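A.B. asks: The opening residue of the sequence shown carries number 107 in my numbering; numbering runs sequentially from there.
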Amino acid sequence: MKHIVVVGVGYVGLVTGTCLADLGHRVTCVDISKERIESLKQCIMPIYEPGLEEMVRRNVAAGRLFFTTDYAEAINCPEAPAEMVFIAVGTPEGVDGEADLRYVRDAVENIAAVMDHPLIIVNKSTVPVGTGDWVADIVRSRQSQPIPFAVVSNPEFLREGSAITDFMNPDRIVLGSLDKEAAQRVAQLYLALRAPIMITDLRTAEMIKYASNAFLATKISFINEIANICEALGADVKEVAAGMGYDKRIGRAFLDAGLGYGGSCFPKDVKALAHMANVQGKHPQLLEAVMQINADARRNIVHKVRALIGNSNSPLHRLENRIVGVLGLAFKANTDDIRDSQPIDIIRMLQAEGAMVKAYDPVAMPNAARVLRNVQLCENAYATAEGCDALIIATEWNEFKHLDLNRLKQIMRQPVIVDGRNLYEPKQMKEAGFIYRGVGRGYDL
Ligand code: UDX
């Protein structure tokens, strides 16, 4: 059993801390937000993540998981001084697309100021290549007396909505450090997971994270580009993706055409990687194209709605007097996260063209209500569809996969569905009497 401190109780920190406790370690989670820590002490989750609450409860009850706002208490706890401190704070997007490291710097300064014994500082936040060296410089400059420490980069690859399963079944563990012994000690934490463990230098580990996310984002933009061409040529992108995916060199994962990627990682990480390349005088052409195709995927949905129900007499407000329903507000299913959410962006574009918007999401509505204006939030899919001229399927929640089509047709003003997640089959929708557009499905099926 190791004594571990995790700084930051957002997605990454809370999942990492809780899962490490579940593997038998003693974990103290620190956060500057008193409100979050007080809630967590009562097992109230700050985020929606399937399975997390139950796991937190279990480990708190077992005396392995603790929450505090006090760095010194967490790190120097007399009966359990920490061997390693994980930094898992947010790295929001800065003004030029670079990662904003202010929370990482605060965390490192706080750790350095209180540490009274040797520590391994493990960075889990996604940070620009080279940050590990910068962290070491800060620790050295902030320590009141020189105490040995090592910096290890341990990027996370967790997906929201399946973060616990991802943590417990990783494809690989990446550890980067100039201090190989420190990296080996962090590696011991993960031995029970039986995953390949790769130990590299700091910068390479940091780069593996960016390159992995950028590659997955590229797969998504690639298939969205193919979807566009499929629409023009009458092919079906779903079958194209399946046909490509059987090739082991390609793989079927992340080839779902739709609204493009959203969320807290891909948009920010692709932009940050392009920014790092530009600063070095490189020209990241592929990454630029990936971002442009991704932005187009959102616009294309609005084009489709406009083409189907638009008012040609009102060129600037083509959707004036039109009511559009949007099913889903989260950036993907099984999360309440609306950061860089495609549905929210699409709603704003619809509103800019004069549309009245109704929307529903099973869990993301409280978050969405904070950022949306003049949207009628409804209690279910049918209340949303009622009276609409078009319905957009924007998040692939299970409950949108088997809607009662007859009921929908009766309650909508026009039977028009734009399916941004390709949940339905064009032929089936046509037979059910709908004017239906998916993404890349070949229209005249
Ligand atoms: C991602 C990475 O998968 C994870 O490894 C990293 O640590 C954090 O970022 P996450 O943002 O939770 O995880 O979501 P993910 O499931 O990867 O999906 C990202 C976005 O891409 C979502 O908006 C999703 O709807 C979209 N997507 C995904 C597609 O449009 N098509 C696909 O085929 C797959």
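Heads up, the beta-carbon is just placed ideally off N, CA and C, and yes, glycines get one too. The structure displayed is predicted, hence computed values, not measured ones.
If you reduce the DSSP assignment to three classes, tell me which class Glu-199 lands in.
C.D. replies: strand
A.B. asks: Taking the C-alpha atoms as reference points, what is the distance between Leu-299 and Leu-126?
C.D. replies: 11 Å
A.B. asks: Can you tell me whether Gly-119 sits near the ligand UDX, meaning its C-beta is under 6 Å from at least one heavy atom of the ligand?
C.D. replies: With a cut-off of 6 Å, the C-beta of Gly-119 is classified as distant from the ligand UDX, since no heavy atom of the ligand falls inside that distance.
A.B. asks: Per DSSP, what are the beta-bridge partners of Gly-364 in this structure?
C.D. replies: Looking at the DSSP assignment, Gly-364 forms no beta bridge with any residue, so it has no partner.
A.B. asks: Taking the beta strand (DSSP E) that Lys-464 belongs to, which residues open and close that run?
C.D. replies: 462-466
A.B. asks: Can you tell me the Cα-Cα spacing of Ser-250 and Glu-159, whole angstroms?
C.D. replies: 39 Å
A.B. asks: Under a Cβ-count criterion, where at least 16 other Cβ atoms within 10 Å of its own Cβ denotes burial, should Phe-540 be classed as buried or exposed?
C.D. replies: Burial call: buried.
A.B. asks: Quick one: what does DSSP say Ile-227 is sitting in, helix, strand or coil?
C.D. replies: strand
A.B. asks: Relative to the C-alpha of Ile-329, which candidate in Glu-337, Arg-309, Leu-361 has its C-alpha closest?
C.D. replies: Leu-361
A.B. asks: For the beta strand (DSSP E) that His-109 lies in, which residues bound it at each end?
C.D. replies: 109-113
A.B. asks: Let me check you understand the geometry: is the CB of Phe-372 closer than 6 Å to at least one non-hydrogen atom of the ligand UDX?
C.D. replies: yes
A.B. asks: If you draw a straight line from the alpha carbon of Thr-175 to that of Val-136, how long is it in whole angstroms?
C.D. replies: 5 Å
A.B. asks: Find out if the Cβ-Cβ distance for the pair Ala-500, Gly-434 is shorter than 7 Å.
C.D. replies: yes
A.B. asks: Taking 6 Å as the cut-off, is the CB of Arg-300 close to at least one heavy atom of the ligand UDX?
C.D. replies: no
A.B. asks: Check for me: the beta strand (DSSP E) holding Arg-355 runs from which residue to which?
C.D. replies: From DSSP, Arg-355 is part of no beta strand (DSSP E); its letter is neither H nor E.
A.B. asks: Nearest-angstrom Cα distance between His-508 and Arg-358?
C.D. replies: Straight-line spacing of the CA atoms in His-508 and Arg-358 works out to 24 Å.
A.B. asks: Measure the C-alpha to C-alpha separation of Leu-414 and Gly-203 and round it to an integer number of angstroms.
C.D. replies: 36 Å
A.B. asks: What is the rounded straight-line gap between the Cα of Asp-442 and the Cα of Arg-513?
C.D. replies: 27 Å
A.B. asks: Which residue from Ser-259, Ser-283, Ile-217 puts its Cα closest to that of Val-245?
C.D. replies: Ile-217
A.B. asks: Only counting runs of 3 or more residues, tell me where the beta strand (DSSP E) segments fall wholly within the region 111-177, in order along the chain.
C.D. replies: 132-136, 171-174
A.B. asks: In the DSSP assignment, what are the bridge partners of Leu-433?
C.D. replies: Tyr-466, Ile-499
A.B. asks: Closer than 6 Å: is that where the CB of Tyr-316 sits relative to any heavy atom of the ligand UDX?
C.D. replies: No, since every heavy atom of the ligand UDX falls outside the 6 Å radius drawn around the Cβ of Tyr-316.
A.B. asks: Taking 7 Å as the threshold (C-beta atoms), are Val-228 and Val-292 in contact?
C.D. replies: Result yes, Cβ atoms of Val-292 and Val-228 sit closer than 7 Å.
A.B. asks: In this structure, how does DSSP classify Arg-211 when only helix, strand and coil are distinguished?
C.D. replies: helix
A.B. asks: From Val-166 to Gly-123, what distance separates their C-alpha atoms?
C.D. replies: In a straight line, the C-alpha of Val-166 is about 11 Å away from that of Gly-123.
A.B. asks: If you run the structure through DSSP and keep just helix, strand and coil, what is Gly-539?
C.D. replies: Coil.
A.B. asks: Are the beta-carbon atoms belonging to Leu-281 and Ile-305 less than 7 Å from one another?
C.D. replies: yes
A.B. asks: From Leu-365, Val-385, Met-382, pick the residue whose C-alpha is nearest to that of Arg-405; which is it?
C.D. replies: Leu-365
A.B. asks: Look up Leu-414 in the DSSP assignment and say whether it is helix, strand or coil.
C.D. replies: Reduced to three states, the DSSP call for Leu-414 is helix.
A.B. asks: Should Val-258 and Ser-283 be called a contact, given that it needs their Cβ atoms to be closer than 7 Å?
C.D. replies: yes
A.B. asks: Would you check if the distance between the CB atom of Phe-263 and the CB atom of Gly-369 is smaller than 7 Å?
C.D. replies: no
A.B. asks: Quick test of the definition: if touching needs 3 or more C-beta pairs under 8 Å, does the region 370-390 touch the region 342-356?
C.D. replies: In short, these stretches do not touch, since the Cβ pair count stays below three.
A.B. asks: Output needed for Ile-523: all residues of its chain with C-beta closer than 6 Å, excluding positions within five of it in sequence on either side, in chain order.
C.D. replies: Leu-497, Phe-540, Tyr-542
A.B. asks: In chain order, what residues of the same chain lie with their CB nearer than 6 Å to the CB of Asp-525, ignoring the 5 residues before and after it?
C.D. replies: Ile-499, Gly-544
A.B. asks: Apart from the five residues just before and just after Asp-235, which ones in its own chain have a Cβ nearer than 6 Å to its Cβ?
C.D. replies: Per the sequence shown, residue 235 should be read as Val rather than Asp. Closer than 6 Å at Cβ, skipping near neighbours: Arg-309, Glu-312, Met-313.
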